[in-house]
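Each residue of the sequence shown is one higher than the one before, starting from 76 at the first, in our numbering.
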Amino acid sequence: MDHDVERMLEQMEVRGLAPRTRRLYQRLIERLAAFSGKPACEVEPMDVERWFLHLTRERKARAVTRNQAAAALRFFFVVTVPRPSVVAAVPQAKVPKTLPDVLSAAEVARLLAAMDSLRYRAIASLCYGAGLRISEACTLVVDAIDSDQRILRIRGKGGRVREVPLGDRLLQELRAYWKAHRPPGPHLFPAVGPGRRTTISPRSVWRALQRAASKAAIEKRVSAHVLRHSYATHLVEAGTDLRSVQLLLGHSSVETTTVYVHLTHARRADLPSPLDRLDALPG
76 MDHDVERMLE
86 QMEVRGLAPR
96 TRRLYQRLIE
106 RLAAFSGKPA
116 CEVEPMDVER
126 WFLHLTRERK
136 ARAVTRNQAA
146 AALRFFFVVT
156 VPRPSVVAAV
166 PQAKVPKTLP
176 DVLSAAEVAR
186 LLAAMDSLRY
196 RAIASLCYGA
206 GLRISEACTL
216 VVDAIDSDQR
226 ILRIRGKGGR
236 VREVPLGDRL
246 LQELRAYWKA
256 HRPPGPHLFP
266 AVGPGRRTTI
276 SPRSVWRALQ
286 RAASKAAIEK
296 RVSAHVLRHS
306 YATHLVEAGT
316 DLRSVQLLLG
326 HSSVETTTVY
336 VHLTHARRAD
346 LPSPLDRLDA
356 LPG
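Given below as structure tokens:
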């Protein structure tokens, strides 16, 4: 591994960046170096410009992906190798504002019923039943589950800890999985088979969700993130205030949570009109 990239990983760890973010930034810096044919520390502004053009034209990278690349470069050339002029002209792509996909309660029920694996059903239940991010669900430790107090203590982004209610159905799913597998070690979902990972892969969860969605004949896009969005949207629809939803999701700002108000507005088109009910009245 390049010495500067290794140092960047150490600097990110000291600053508390999530392991997933650290791995992503490492991959992006290594890809830039491979594209330019130079060590990362010797990359010039023109190399960066050509790489972003390559990402946009050839790779068809989404705006979110290009912004992640920009963030990785800024960290590397501002913190690790102080050459801020290299990234002075790095563009910030405009991300189109779209409403996230949401499953109905009936679709969630069909999805969970179609999951044969206790392990994957437990993880999906955590995402929908407690609003966990996929990274939080995959790395959940056994000690985070307080079945007496009926809460989950989740360490989320930036190391912030939040408490989430542990409902009866979710507790049943977790207990069923625990009784069947009794995983050793601190993690509830340790990695299966040899490899460097200590916990289950988010990618394997995604594949399990795709199989279940196909089996349940769900045509909407399905992912762990969609389950988390569905959790939040259904809470708002049930009358939960935005501040509470913000705390449950672990959002640093309530502004991030307001998207679920827009979602519930969009879904109001599904509500029946009182006028339509007149036809059901006795003559």
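Where is the CB? At the ideal position from N, CA and C, for every residue including glycine.
Practice task
Return the chain-ordered ranges of every alpha helix (DSSP H) run that is complete within the region 89–155 and spans a minimum of 4 residues.
Solution key: 94–111, 120–132, 138–150
Exercise for the section: Note down the Cα distance separating Val311 from Val320, rounded to an integer number of angstroms. Expected result: 8 Å
Exercise for the section: For the alpha helix (DSSP H) containing Arg257, list its first residue and its last residue. Expected result: Careful: Arg257 lies outside any alpha helix (DSSP H) and carries neither H nor E.
Exercise for the section: Please state if the CB of Arg185 and the CB of Ala283 are separated by a distance shorter than 9 Å. Expected result: no
Exercise for the section: Please report the residue range of the beta strand (DSSP E) in which Leu324 lies. Expected result: Where Leu324 is concerned, there is no enclosing beta strand (DSSP E), although the alpha helix (DSSP H) it sits in stretches over 317–324.
Problem - Between the CA atoms of Arg278 and Pro269 - distance to the nearest angstrom - result: 16 Å
Problem - Between the CA atoms of Ser328 and Leu346 - distance to the nearest angstrom - result: For Leu346, the predicted model reports a pLDDT of 48, less than 50, meaning its position is unreliable and no value from the coordinates is stated.
Handout entry: Beta-carbon proximity list for Ala145, same chain, < 6 Å, skipping 5 on both sides
Key = Val165
Exercise for the section: Return the bridge partner residues of Glu81 from the DSSP annotation. Expected result: Note: Glu81 sits in no beta bridge, so no partner.
Exercise for the section: Go ahead and pull the three-state DSSP assignment for Arg228. Expected result: strand
Exercise for the section: Run the CB neighbour count on Leu350, radius 10 Å, all protein chains shown included, and call it buried at 16 or more, exposed below. Expected result: Residue confidence for Leu350 is low, a pLDDT of 48 falling below 50, so the modelled location carries little weight and cannot support an answer.
Practice task
From the DSSP output, in three-state form, read off Val183 for me.
Solution key: helix
Exercise for the section: Could you tell me which of Leu241, Val216, Thr214 sits nearest to Ile226, measuring between CA atoms? Expected result: Leu241
Handout entry: Simplified DSSP assignment, three categories, for Asp360
Key = Examination of residue 360 is not possible in this model, given that the chain is present from 76 through 358 alone.
Exercise for the section: Compute the distance between the beta-carbons of Val216 and His256, then report whether it is under 9 Å. Expected result: no
Exercise for the section: Have a look at Leu99, Phe152, Leu246, Pro171 and flag the residue whose alpha-carbon is nearest the alpha-carbon of Val162. Expected result: Phe152
Exercise for the section: Using beta-carbon positions only, say whether Arg125 and Ser111 come within less than 9 Å of one another. Expected result: yes
Practice task
Quick one: grab the DSSP three-state call for Glu211.
Solution key: helix
Practice task
Can you give me the Cβ contacts of Val89 inside the same chain, cut-off strictly under 8 Å, excluding the 5 residues immediately before and after it?
Solution key: none
Practice task
Could you tell me the distance, in whole angstroms, from the CA atom of Ala197 to the CA atom of Val80?
Solution key: 36 Å
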